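Undergrad: Numbering (the numbering used here) for the sequence shown: 10 to 239.
The beta carbon of each residue, even a glycine, is placed where N, CA and C say it ideally should be.
Predicted model, so just to flag it, every value in this text is computed and none were measured.
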Amino acid sequence: MPDEKKDTILECINLYKSFQTGAGRLDVLKGVDLEVKQGEILAVIGASGVGKSTLLHILGALDKPTRGEVRYGGKSIFSFKDKELARFRNRKIGFVFQFHHLLPEFSALENVMMPRLIAGEEKENIIDKALKLLSRVGIEDRATHRPAELSGGEQQRVAVARALISDPELVIADEPSGNLDQKNAQGLHNLLKELNQNQGYTFVIATHNQSLAQTAERIITLKDGKAVLN
10 MPDEKKDTIL ECINLYKSFQ TGAGRLDVLK GVDLEVKQGE ILAVIGASGV GKSTLLHILG
70 ALDKPTRGEV RYGGKSIFSF KDKELARFRN RKIGFVFQFH HLLPEFSALE NVMMPRLIAG
130 EEKENIIDKA LKLLSRVGIE DRATHRPAEL SGGEQQRVAV ARALISDPEL VIADEPSGNL
190 DQKNAQGLHN LLKELNQNQG YTFVIATHNQ SLAQTAERII TLKDGKAVLN
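Structure representation (structure tokens):
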């Protein structure tokens with residue numbers, strides 16, 4: 010449908026991914042097809058080891074498929090040269106992982122700014138935006154604290170703010186609440202839903218958590234190397 014295509018920001022077409030192991034070739038993804046609409050939350054669920062992280066890494070251009078295509082805005086991103094692909098990834102996609110991966114020697118504010126600093130921007134030009142993001146995720150009063158001085162839930166909120174600093178078109182979250190207790194997990198789920206509903210961020214979230222999956226407009230189950238729409 011033309012109207013539906015207009016809103017599609019990502020298409021994944023006949024995606025395969027295999028790994029060589031000591032026991033031979035392991036086929037993880039076996040022809041995955043899916044699309045992501047602008048402004049939605051798409052949850053990816055499935056048993057451990059089924060390939061959720063593998064799929065998200067490919068959608069986020071962190072890894073390449075064995076074959077198949079990932080298209081953003083109609084462009085096949087794996088036809089890009091390495092530098093162009095890295096630039097695309099840094100500008101268009103935000104990442105939140107199960108483990109926050111914050112840099113321990115830097116403050117929460119500095120961690121949020123890090124992607125833009127690495128891209129060569131001046132610190133003075135992005136401080137205000139980083140502070141606003143920390144406020145948006147509810148921890149502006151922790152801006153000067155280092156990760157070791159933050160709770161697990163606070164650390165993951167910093168990671169969310171960091172994922173948003175470059176105004177990504179898509180945020181990919183891989184088990185974002187998997188390392189949190191129930192209270193902090195629920196707080197993070199509420200935050201992601203609020204960012205989607207009030208700020209319009211698009212999320213693809215891999216999760217075992219049924220509560221988080223239920224916040225999504227659509228749920229995809231990975232099974233036997235393929236994606237099945239629930």
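What do you reckon, are the CB atoms on K46 and V53 nearer than 8 Å?
TA: Position 37 of the sequence shown, counting from 1, holds the residue named residue 46. Position 44 of the sequence shown, counting from 1, holds the residue named residue 53. No.
Undergrad: Using CA coordinates, which residue listed in D36, F28, L19, A32 is at the minimum distance from K232?
TA: Position 223 of the sequence shown, counted from the start, is the residue given in the question as residue 232. Among D36, F28, L19, A32, the Cα nearest to that of K232 is on D36.
Undergrad: Skipping 5 residues on each side, what residues in its chain have a beta carbon closer than 7 Å to that of L142?
TA: Numbered from 1 along the sequence shown, position 133 holds the residue referred to as residue 142. For L142, where only same-chain residues beyond five positions count, the Cβ hits under 7 Å are V121, A170, L173, I174.
Undergrad: Helix, strand or coil: which one does DSSP assign to D12?
TA: One-based indexing of the sequence shown puts residue 12 at position 3. Because D12 sits at a pLDDT of 42, beneath the cut-off of 50, its placement in the model cannot be relied upon, and the following sentence gives the value as read from the coordinates. Looking at D12 - three-state DSSP - the assignment turns out to be helix.
Undergrad: Can N188 and G161 be called in contact, C-beta distance under 8 Å?
TA: Taking the first residue of the sequence shown as position 1, residue 188 is located at position 179. Taking the first residue of the sequence shown as position 1, residue 161 is located at position 152. Against a cut-off of 8 Å, the Cβ pair of G161 and N188 comes out as a contact.
Undergrad: Put Q29 into one of helix, strand or coil per three-state DSSP.
TA: Here residue 29 refers to the residue found at position 20 of the sequence shown. Strand, per DSSP.
Undergrad: So, at 8 Å on beta carbons, what are the nonlocal neighbours of D72 in its own chain, with the 5 sequence-adjacent residues on each side left out?
TA: Mapped onto the sequence shown, residue 72 falls at position 63. Cβ within range, chain order: K26, T63, H66.
Undergrad: What does K39 pair with, by DSSP beta-bridge criteria?
TA: Taking the sequence shown and counting its residues from 1, the one referred to as residue 39 is at position 30. Its beta-bridge partners are Y25.
Undergrad: Among K132, N218, A157, which has the Cα closest to the Cα of A194?
TA: Looking up residue 194 in the sequence shown gives position 185. The candidate whose alpha carbon is nearest that of A194 is N218.
Undergrad: Please say whether L179 and I86 have beta carbons closer to each other than 8 Å?
TA: Within the sequence shown, numbered from 1, the residue matching residue 86 stands at position 77. Within the sequence shown, numbered from 1, the residue matching residue 179 stands at position 170. Result no, Cβ atoms of I86 and L179 do not sit closer than 8 Å.
Undergrad: Go to T63, then tell me how far its alpha helix (DSSP H) extends in each direction, as first and last residue.
TA: Residue numbering aside, residue 63 sits at position 54 when the sequence shown is read from its first letter. Unbroken alpha helix (DSSP H) run through T63: 61 to 68.
Undergrad: According to DSSP, A52 sits in a beta bridge with which residue or residues?
TA: One-based indexing of the sequence shown puts residue 52 at position 43. DSSP, once it has assigned bridges, lists I214, I228 as partnering A52.
Undergrad: Of all the alpha helix (DSSP H) runs that stay within the bounds of the segment 66 to 101, which reach a length of 4 or more residues?
TA: The segment 66 to 101 contains these whole alpha helix (DSSP H) runs: 91 to 101.
Undergrad: Is it buried or exposed for T30, if we count other Cβ within 10 angstroms and need 16 for buried?
TA: The residue given as residue 30 occupies position 21 in the sequence shown. By the 10 Å Cβ count, T30 comes out exposed.
Undergrad: Of all the options S144, T211, G48, P113, which has the alpha carbon lying nearest to the alpha carbon of E158?
TA: Start at 1 with the first residue of the sequence shown, and residue 158 comes out as number 149. Closest option to E158, Cα to Cα, is P113.
Undergrad: Using three-state DSSP, classify I127 as helix, strand or coil.
TA: Position 118 of the sequence shown, counted from the first residue, corresponds to residue 127. Three-state DSSP puts I127 in a helix.
Undergrad: Could you give the DSSP three-state label for A152: helix, strand or coil?
TA: Walking along the sequence shown from the start, residue 152 turns up at place 143. Coil at A152, not helix or strand.
Undergrad: I want to see whether chain D comes within less than 8 Å of L159, judged by CB atoms only; does it?
TA: Looking for chain D here will not work: only one protein chain is present.
Undergrad: At the level of alpha carbons, what is the spacing between E149 and G196?
TA: Position 140 of the sequence shown, counting from 1, holds the residue named residue 149. Position 187 of the sequence shown, counting from 1, holds the residue named residue 196. Cα to Cα, the separation comes out at about 16 Å.
Undergrad: Taking just the CA atoms, how far does V167 sit from R98?
TA: The count along the sequence shown starts at 1 and reaches residue 98 at position 89. The count along the sequence shown starts at 1 and reaches residue 167 at position 158. Going by the C-alpha atoms only, they are around 20 Å apart.
Undergrad: Buried or exposed, going by whether 16 or more other CB atoms sit within 10 Å of the CB of E13?
TA: The residue labelled residue 13 in the question sits at position 4 within the sequence shown. Low confidence applies to E13: its pLDDT is 46, below 50, so where it sits in the model is not reliable enough to give any reading.
Undergrad: L204 to I18, Cα distance in whole Å?
TA: Taking the first residue of the sequence shown as position 1, residue 204 is located at position 195. Taking the first residue of the sequence shown as position 1, residue 18 is located at position 9. Going from the Cα of L204 to the Cα of I18 covers about 18 Å.
Undergrad: Just how far apart, CA to CA, sit T211 and A225?
TA: For the purposes of this step, residue 211 is taken as residue 202 along the sequence shown, with counting starting at 1. For the purposes of this step, residue 225 is taken as residue 216 along the sequence shown, with counting starting at 1. C-alpha separation (whole angstroms): 11 Å.
Undergrad: Which residues in the same chain have their Cβ closer than 8 Å to the Cβ of I135, if we skip the five residues on either side of it in sequence?
TA: As a first step, residue 135 is located in the sequence shown; it is residue number 126 there, counting from the start. Same-chain partners within the cutoff: M122, R125, L126, I174.
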